[in-house]
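Worksheet for the structure shown next.
2 protein chains.
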Amino acid sequence: MSNYRPLTESEAVEYVKGIKGLFTGNIDLKSKEIGDGNLNLVFHITDESSEQGVIIKQALDHVRIVESWPLTKERVRFESSAIAIQDKLTDGMVPEIYKYDEEMALVVMEDLSHMVVMRKGLIEGIKYPRFAEQISTFLSKTLFYTSDLYLDPKEKKEKVKEFINPELCEITEDLVFTDPYFDAESNDINPELLPYLEEKFWNKSELRKEVTILKEKFMTKAQSLIHGDLHTGSIFIDQEEIKVFDTEFAFYGPSGFDVGAVIGNLILNYASWTGKDVTDEFKNDYREYLLETIKDIWNKFEAKFRELWDKDAHEVLKTVAGYQDNYMERLLKDSIGLGGCKTMRRCIGLAHVEDLDGIEDLSKRAKAQIFALKLGEAMVTQRENLTSIEDFIEIVKNITRKEG
Amino acid sequence: MSNYRPLTESEAVEYVKGIKGLFTGNIDLKSKEIGDGNLNLVFHITDESSEQGVIIKQALDHVRIVESWPLTKERVRFESSAIAIQDKLTDGMVPEIYKYDEEMALVVMEDLSHMVVMRKGLIEGIKYPRFAEQISTFLSKTLFYTSDLYLDPKEKKEKVKEFINPELCEITEDLVFTDPYFDAESNDINPELLPYLEEKFWNKSELRKEVTILKEKFMTKAQSLIHGDLHTGSIFIDQEEIKVFDTEFAFYGPSGFDVGAVIGNLILNYASWTGKDVTDEFKNDYREYLLETIKDIWNKFEAKFRELWDKDAHEVLKTVAGYQDNYMERLLKDSIGLGGCKTMRRCIGLAHVEDLDGIEDLSKRAKAQIFALKLGEAMVTQRENLTSIEDFIEIVKNITRKEG
């Protein structure tokens, strides 16, 4: 029998008091449940006197977010195991884990409430000049060192096995790659957007085919241990550093899914300014910043990934002329294509983003959503023609001239 | 402690006597070890009076075929689990399994010694007019029904996990996709072939790059539960039926690896006639038969796979216009490309085939090997231009006019 039970706020305090060495001296702990309550309990526990804090994230047992998705507590194992790997590879670009308790389905981790969730910062129009440098390090190290380029093939296959993550993958398969492309029940649609979807979007058969090809890639390509949900709401940021969190979707999938999640979410923010009451000067300047960031993310990521390859790939791979160039070009196409799916799903499917849903006027919101959908569509259908990130930036600028 | 021990011939008799209902009536069992003794013991046990027989295949413990590949007994589990799935899907196109004994690392299975190993039949120039029909059924059913096209995504991922098969995959990764393309120690090279390899083959950088891309596909693309070693030496055949055996390499990999293994091995036989003392009339006629067979295998496979798709794929996939065509075209390219690697490895790497090594004159053998290498190379480097199997047959005929 399992001793699992969902904690109350006061039990959460008792729980952390039981962890040796976590809080020291005279402590006066306060506990507040701050999760949205759907999937997990999240307790923010602070010591009033020292301003120290910790987070407890506890999985609720067998929740269902929609009828067909029961979620077991096992997802906490994926999160804590993946964070441990990412932590080691990136030298701490993830929250520190103080304790993983399998039976209670919880992790106790670093309190990062002094930082801001990146999505919020972007919505406020804040620039993060170091972000491209930081996220490109995170992406290159986590994606390279968990791939067959570096790992012993047997060790890699054991990792693939350890991270088979059917429940969380199914959520992505349905919400990112299936439901938004037809009139599915799970969708969450702005009524002002509906006519566009019915008349001009759901009948795009080329788009739907290409999205299905990308879904197949998501379901079959065990390339690297990916974060699996690396949108701007999974990144804490300040002007100094980033911390990537919410890693329960981790599994062995296509590396481009992580790179694309970052780019696709920057594109969502880029599109959102169409619906907002800001000056053209601000809008143009901020968008220029976003495109520069996307360009820098890819170019820095590529340079770092190639550097790791030249240094640490299997010797035999280093001797194959042209393979690295080919690999990087395919990774660019995957990133933009998979990122395009991430962009589109946030306009149609379950689980929107505040960048767009913060636009209260539904007609203005629809305009921004349509812009985002056109950008996402281009990412998917034009990906195979790309040879550089600059090609992609050019596509975005062209669509902006017409639509943005 | 495990009770595992390698059986002797007489212990093998006692073992099958202990299986209830296997032999009935007055029995007089004879036992003969007929394996090559490197990886497995294979006992052929027959009842003199009734002419009934069974096979025991027992894995040797922790064998090494080369320094870096220790093989555990676990491979028997992959074999028996995969056979069970193939049996159900193909209505008995595999040997019947009477017993799987995990601890003893053995399977007791149907005696198929009244049939011939297909490779031997091809070497003798025998035609099997029903083979294309039979193998296309085996391939379409096993590859379709174990893929994401049909299976529930969660069930498929559990199967991927169950069939993570690092040891046997590593053998293929090294022997099929790596070692033959440079002067590796594991290679087994006809001295008369060596000058060609040194002067004209190992410096082909485009070929080496493309083989590495195919190796990546083998290592990352979890598309279907594949046999993993489906050459003509893994198929028992007579004029009535086929039985596919030696399934210990089974894992979730690219479907084209199985289709390509069959095609690549027919191509090896096709090339071998260059080195043999047969009339031109016989040679041309038999080669025509082989090419027709290859054409029929693909076309029948494609038709059957599409039929299963239209009948049994997930409903949502049936509504995506153009996806099936795209899937089949990629599968053709994968099959020919991966098959090309299977063709080339048999000329250079460890583990040759009798089709070529049966040519005793080393200079004649080299001529046939070079022909096979040119065919294999074209399969790899020209695969992306193929739109039908007829395109491929045309390529083979062109090379034959110049080289064969």
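Going down the list, the sequences are from chains R and P. Note that the first sequence covers residues 878 to 1281 in the numbering used here. Note that the second sequence covers residues 878 to 1281 in the numbering used here. By construction, the Cβ of each residue, glycine as well, lies at the ideal position given by its N, Cα and C atoms.
Residue i classed as buried or exposed, judged by whether at least 16 other C-beta atoms fall within 10 angstroms
i, result
"R:Asn915", "exposed"
"P:Ala1180", "exposed"
"R:Arg1275", "The sequence given here places Asn at residue 1275 of chain R; Arg does not occur at that position. Flag for R:Asn1275 reads exposed."
"P:Asp1211", "buried"
"P:Glu1125", "buried"
"R:Arg882", "exposed"
"R:Val943", "exposed"
"R:Pro1131", "buried"
"P:Lys1094", "buried"
"P:Lys907", "exposed"
"R:His991", "exposed"
"P:Asn1146", "buried"
"R:Phe1159", "exposed"
"P:Arg941", "exposed"
"P:Ser1152", "What sits at residue 1152 of chain P in the sequence shown is Gly, not Ser. Result: buried."
"R:Asn1042", "buried"
"P:Asp1060", "exposed"
"R:Gln963", "buried"
"R:Lys1244", "buried"
"R:Asp1025", "buried"
"R:Asp1051", "buried"
"P:Gly872", "With chain P covering 878 to 1281 only, the question about residue 872 of chain P has no answer from this structure."
"P:Glu1271", "exposed"
"P:Thr1023", "buried"
"R:Ser1111", "buried"
Simplified DSSP state of residue i, which is helix, strand or coil
i, result
"P:Gln929", "coil"
"P:Arg941", "strand"
"R:Ser1101", "strand"
"P:Ile1247", "helix"
"P:Tyr1200", "helix"
"R:Asp905", "coil"
"R:Asp978", "strand"
"P:Val890", "helix"
"R:Phe1054", "helix"
"P:Lys1120", "strand"
"P:Phe1159", "helix"
"P:Val994", "strand"
"P:Gly1275", "Note on residue identity: the sequence assigns Asn, not Gly, to residue 1275 of chain P. Residue state, collapsed to three classes: helix."
"R:Gln1011", "helix"
"R:Pro972", "coil"
"P:Arg1242", "helix"
"R:Ile962", "helix"
"P:Pro1043", "helix"
Beta-ladder partner(s) of residue i, from DSSP
i, result
"P:Glu910", "P:Phe920"
"P:Ala936", "P:Asn917"
"R:Glu987", "R:Val931"
"R:Leu948", "R:Val940"
"P:Phe1128", "P:Ile1103"
"P:Lys1033", "None; P:Lys1033 has no bridge partner."
"P:Ile1112", "P:Val1121"
Contacts that residue i makes with chain P (C-beta to C-beta distance below 9 Å)
i, result
"R:Leu1254", "The identity of residue 1254 of chain R in the sequence shown is Glu, whereas the question assumes Leu. Within chain P, no residue comes near R:Glu1254; the closest Cβ sits about 16 Å away, beyond 9 Å."
"R:Cys1046", "Pro1030, Lys1031 and Lys1034"
Partner residues on chain R for residue i, Cβ-Cβ distance less than 7 Å
i, result
"P:Val1037", "Ile1041"
Neighbour list for residue i in chain R, Cβ cutoff strictly below 9 Å
i, result
"P:Phe1055", "Note on residue identity: the sequence assigns Thr, not Phe, to residue 1055 of chain P. The answer, in chain order, is Val1193."
"P:Tyr881", "The premise fails here: P:Tyr881 is roughly 22 Å from chain R at the closest Cβ pair, so nothing lies under 9 Å."
Interface partners of residue i on chain R, CB under 8 Å
i, result
"P:Asp1025", "Glu1093, Met1096 and Thr1097"
"P:Asn851", "The shown model of chain P, from 878 to 1281, leaves out residue 851 of chain P, and the question about it has no answer."
Interface partners of residue i on chain P, CB under 7 Å
i, result
"R:Arg1085", "Val1197"
Amino acids of chain B, ordered along the chain, whose beta-carbon sits closer than 7 Å to that of residue i
i, result
"P:Ser1082", "The structure shown contains no chain B; the protein chains it does contain are R and P."
Neighbour list for residue i in chain P, Cβ cutoff strictly below 8 Å
i, result
"R:Glu1050", "Pro1030"
task = Closer than 8 Å, Cβ to Cβ, to anything on chain P: give me those residues from the region 1155–1178 of chain R, in chain order.
result = Within the region 1155–1178 of chain R, no residue qualifies.
ask   = If contact means a Cβ-Cβ distance below 8 Å, which residues of the region 1087–1101 of chain P contact chain R?
value = Per Cβ criterion, the list reads Thr1089, Ile1090, Glu1093, Met1096, Thr1097, Lys1098, Ala1099 and Gln1100.
inquiry  = For the region 937–951 of chain P, list every residue whose C-beta sits within 7 Å of some C-beta in chain R, in sequence order.
reply    = Residues: none.
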